[in-house]
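A.B. asks: In the numbering used here, the protein residues as written are 90 to 162.
Every residue, glycine too, gets a C-beta built ideally from N, C-alpha and C.
Just passing along the structure, written as structure tokens.
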């Protein structure tokens, strides 16, 4: 089981509200169905928190695409 910082992110004042809502939605889903919600949170972090795409994906617990493309665009 991988360590997740998502619960910590939810308490961060620096987290954009849209990302917070996407993470709350993700946690309400069965673990096997969370990826689209986590990806949405990563996109919001990428746009609104000025994080690099790879950093935003990793922060919400997703691996960056293997082909090196940005999954946040």
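Going straight from the alpha carbon of residue 134 to that of residue 119, what length do you get?
C.D. replies: Near 22 angstroms, if we compare the C-alpha coordinates of residue 119 and residue 134.
A.B. asks: Within its chain, find whatever has a CB closer than 6 angstroms to the CB of residue 137; leave out the 5 residues flanking it on each side and keep chain order.
C.D. replies: If we look at residue 137 and ignore the five residues flanking it on each side, its Cβ neighbours are 105.
A.B. asks: Under DSSP, the alpha helix (DSSP H) around residue 97 begins and ends at which residues?
C.D. replies: Here the alpha helix (DSSP H) through residue 97 covers 95-98.
A.B. asks: What did DSSP end up calling residue 120 once you bin it into helix, strand or coil?
C.D. replies: Helix.
A.B. asks: How many angstroms separate the CA atom of residue 145 from the CA atom of residue 114?
C.D. replies: For residue 145 and residue 114, the distance between alpha carbons rounds to 17 angstroms.
A.B. asks: Taking C-beta to C-beta, are residue 150 and residue 116 nearer than 8 angstroms?
C.D. replies: Result no, Cβ atoms of residue 150 and residue 116 do not sit closer than 8 angstroms.
A.B. asks: Output the boundary residues of the alpha helix (DSSP H) element that contains residue 102.
C.D. replies: Looking at the DSSP string, residue 102 is not in any alpha helix (DSSP H), and its letter there is neither H nor E.
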